[in-house]
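*Asks:* First to last, the sequence lines map onto chains A and B.
First residue of the first sequence: 35, per the working numbering; consecutive thereafter.
First residue of the second sequence: 35, per the working numbering; consecutive thereafter.
2 protein chains.
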Amino acid sequence: MSGTIRICFIGDSFVQGIGDPEHRGWVGRVLEATGGDITAFNLGIRRDTSEDVLRRCWQEVLPRTLPGSDNRLVVSFGSNDMVQENGTVRVGAARTVENLASILEEARRQAITPLVVGPPPVVDAGGEHLRRTAALADEMAALCRSQHVPFIATTLELADDPVWTREALAGDGAHPGRGGYQRLAELVGAGQWRAWIEQPGS
Amino acid sequence: MSGTIRICFIGDSFVQGIGDPEHRGWVGRVLEATGGDITAFNLGIRRDTSEDVLRRCWQEVLPRTLPGSDNRLVVSFGSNDMVQENGTVRVGAARTVENLASILEEARRQAITPLVVGPPPVVDAGGEHLRRTAALADEMAALCRSQHVPFIATTLELADDPVWTREALAGDGAHPGRGGYQRLAELVGAGQWRAWIEQPGS
Numbered sequence: 035m036s037g038t039i040r041i042c043f044i045g046d047s048f049v050q051g052i053g054d055p056e057h058r059g060w061v062g063r064v065l066e067a068t069g070g071d072i073t074a075f076n077l078g079i080r081r082d083t084s085e086d087v088l089r090r091c092w093q094e095v096l097p098r099t100l101p102g103s104d105n106r107l108v109v110s111f112g113s114n115d116m117v118q119e120n121g122t123v124r125v126g127a128a129r130t131v132e133n134l135a136s137i138l139e140e141a142r143r144q145a146i147t148p149l150v151v152g153p154p155p156v157v158d159a160g161g162e163h164l165r166r167t168a169a170l171a172d173e174m175a176a177l178c179r180s181q182h183v184p185f186i187a188t189t190l191e192l193a194d195d196p197v198w199t200r201e202a203l204a205g206d207g208a209h210p211g212r213g214g215y216q217r218l219a220e221l222v223g224a225g226q227w228r229a230w231i232e233q234p235g236s
Numbered sequence: 035m036s037g038t039i040r041i042c043f044i045g046d047s048f049v050q051g052i053g054d055p056e057h058r059g060w061v062g063r064v065l066e067a068t069g070g071d072i073t074a075f076n077l078g079i080r081r082d083t084s085e086d087v088l089r090r091c092w093q094e095v096l097p098r099t100l101p102g103s104d105n106r107l108v109v110s111f112g113s114n115d116m117v118q119e120n121g122t123v124r125v126g127a128a129r130t131v132e133n134l135a136s137i138l139e140e141a142r143r144q145a146i147t148p149l150v151v152g153p154p155p156v157v158d159a160g161g162e163h164l165r166r167t168a169a170l171a172d173e174m175a176a177l178c179r180s181q182h183v184p185f186i187a188t189t190l191e192l193a194d195d196p197v198w199t200r201e202a203l204a205g206d207g208a209h210p211g212r213g214g215y216q217r218l219a220e221l222v223g224a225g226q227w228r229a230w231i232e233q234p235g236s
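1) Shortest alpha-carbon distance to residue 66 (chain B) belongs to which of A:67, A:59, A:141?
2) Return the residues of the region 89 to 103 of chain A that lie within a Cβ-Cβ distance of less than 8 Å from chain B, sorted by chain order.
3) With distance defined between alpha-carbon atoms, name the residue in B:105, B:163, B:101, B:81 nearest to residue 121 (chain B).
4) Is it a yes or a no for the region 72 to 88 of chain B touching the region 146 to 155 of chain B, going by three-plus beta-carbon pairs under 8 Å?
5) Can you find a CB in chain A that lies within less than 8 Å of the CB of residue 76 (chain B)?
6) Looking at the strands, I want to know which residues DSSP matches up with residue 148 (chain A).
7) How about residue 51 (chain B) and residue 87 (chain B): are their beta carbons less than 8 Å apart?
8) Is there contact here, the region 73 to 80 of chain B with the region 126 to 135 of chain B, by at least three beta-carbon pairs under 8 Å?
9) Please list, in chain order, the chain B residues whose beta carbon lies closer than 8 Å to that of residue 245 (chain A).
10) Do the CB positions of residue 188 (chain B) and residue 138 (chain B) come within less than 8 Å of each other?
11) Could you tell me which residues DSSP pairs with residue 42 (chain B) in its beta bridges?
12) Report yes if the C-beta distance between residue 211 (chain B) and residue 54 (chain B) is below 8 Å; otherwise report no.
13) Between residue 157 (chain A) and residue 204 (chain A), which are expected to be in contact by the criterion C-beta below 8 Å, what is the C-beta distance as a whole number of angstroms?
14) Taking just the CA atoms, how far does residue 105 (chain A) sit from residue 90 (chain B)?
15) What residues of chain B sit near residue 220 (chain A), judged by a beta carbon separation below 7 Å?
16) Tell me which residues share the same chain as residue 225 (chain A) and place their Cβ nearer than 6 Å to its Cβ, disregarding the 5 neighbours each side in the sequence.
17) Taking the alpha-carbon of residue 124 (chain A) as reference, which of A:39, A:166, A:184, A:175 has the nearest alpha-carbon?
18) Once DSSP output is grouped into helix, strand and coil, what is the label at residue 181 (chain A)?
19) Counting only beta-carbon atoms, is residue 66 (chain A) nearer than 8 Å to chain B?
20) Mind listing the chain B neighbours of residue 38 (chain A)? Cutoff is C-beta to C-beta under 9 Å, in chain order.
21) Alpha helix (DSSP H) containing residue 100 (chain B): first to last residue?
22) In whole angstroms, give me the CA-to-CA distance for residue 227 (chain B) and residue 197 (chain B).
23) If the criterion is Cβ atoms closer than 8 Å, does the pair residue 108 (chain B) and residue 48 (chain B) meet it?
24) Let me check understanding here. Comparing Cα to Cα, which of B:142, B:193, B:231 lies closest to residue 153 (chain B)?
25) Quick one: residues in its chain with C-beta nearer than 6 Å to the C-beta of residue 110 (chain A), no 5 flanking neighbours on either side, listed in chain order?
26) Where does the unbroken alpha helix (DSSP H) through residue 133 (chain A) begin, and where does it stop?
27) What residue from B:99, B:176, B:208, B:135 has the CA that sits closest to residue 40 (chain B)'s CA?
28) At a Cβ threshold of 8 Å, is residue 130 (chain B) touching chain A?
29) Should residue 94 (chain A) be labelled buried (16 or more other beta-carbon atoms within 10 Å of its own) or exposed?
30) Starting from the beta carbon of residue 44 (chain B), find every residue of chain A whose beta carbon is closer than 8 Å, and list them in chain order.
31) Taking residue 80 (chain A) as the query, report the chain B residues whose CB atoms sit under 7 Å from its CB, ordered along the chain.
32) Whole angstroms are fine: how far does the CA of residue 233 (chain A) sit from the CA of residue 63 (chain B)?
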């Protein structure tokens, strides 16, 4: 593993780690479990949709890259896109996938190596939200597969996880505490994360 | 304490928590000790001087504020300003203080409540760097006093702290591990932090 890996994590409140009393979320836990000398930046903002992330992505990511370093980008969004407001979803699934495609394309142009973490479930948003989010996650996974970008599924895995759901319901209905974030960190760390970290950078 | 406090922490590698195996640094530790429902954003970037922070400050902070919320800003820089490169400091102390004044002025205009954390020492940078950084910290403190902004001194406190210095020297010479960040978190938490957190927002 290179000592010069720099990773920006961009996305929503789950990336930000909202609800974690330790204030590091799954991002800090994955990094601790990975070890080594990784320079990480957490660019999660609660309530952000894929539209919001796309709007600020390069403006915030590029100042955190360093020429000659192994620059990486972890993207995770979609749960907020699928939330209904005034009878319609905040961002339609086709648009979410387009936004992800746009980010992956620019990452390639910038020689920044990407990985995508699927949208976690919003426990108190109900079964229809879960169904929409899982379907969106499948479309995001298909896009990633076609581009040879690792995608780590989380939606149904966490919806079925008793720690995640119990902590979310004991909290604000959406965000877990330390146990749920640990569970998500394990999902990420058990996926294609390790191979992605160990591959040579762009 | 309001449930709607949003705090951006902006600054350098010490804000970012470089070297902390838990990947949360003093920022995460202060927030854990504070408790409550605080939405926090870590905008530390390693190697950043006050010039670098000023350049990106509002572009990154404003999208993280929310109208009607109790929006806050914690600023910490100066250690990199005082590093010599090619026979001269990266940023002169007068300019660092001007940059801080500019940020505090704009914070007032934006109704964002600020707090300043003084520059930690860079252990392996030698006695002259420590002397310059401590003098800069005094000037930053004087500015803050004149503007009724809380300032928490860290430079000499950490330079004299055996945990901080031992961990820094065992690491990259500048950044501590979990013990040093815990020590810095205690310095911050024991200062004017609690009163600042508990005061009504702007």
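Glycine is no exception: its CB is placed at the ideal position from the N, C-alpha and C atoms.
*Replies:* On the basis of the supplied data:
1) Each of A:67, A:59, A:141 was checked against the Cα of residue 66 (chain B), and the nearest Cα belongs to A:59.
2) 90, 93, 94, 97, 98
3) B:163
4) no
5) Interface residue, yes.
6) Paired residue(s): A:107.
7) no
8) no
9) This structure cannot settle anything about residue 245 (chain A), because the visible part of chain A is limited to 35 through 236.
10) no
11) B:75, B:107
12) yes
13) 10 Å between Cβ atoms; not a contact.
14) 20 Å
15) Correct list: empty, because the minimum Cβ distance to chain B is about 16 Å.
16) 186
17) A:166
18) coil
19) Using beta-carbon distances, residue 66 (chain A) counts as an interface residue toward chain B, with a partner under 8 Å.
20) Going along chain B, no residue has its Cβ under 9 Å from residue 38 (chain A), so there is no contact; the nearest lies around 12 Å.
21) First-last for residue 100 (chain B): undefined, no H or E at that position.
22) 22 Å
23) no
24) B:193
25) 45, 49, 151
26) 127 to 143
27) Nearest of B:99, B:176, B:208, B:135 to residue 40 (chain B), Cα basis: B:99.
28) no
29) buried
30) Within 8 Å Cβ-Cβ: nothing; residue 44 (chain B) doesn't reach chain A, min ~12 Å.
31) 73
32) 32 Å
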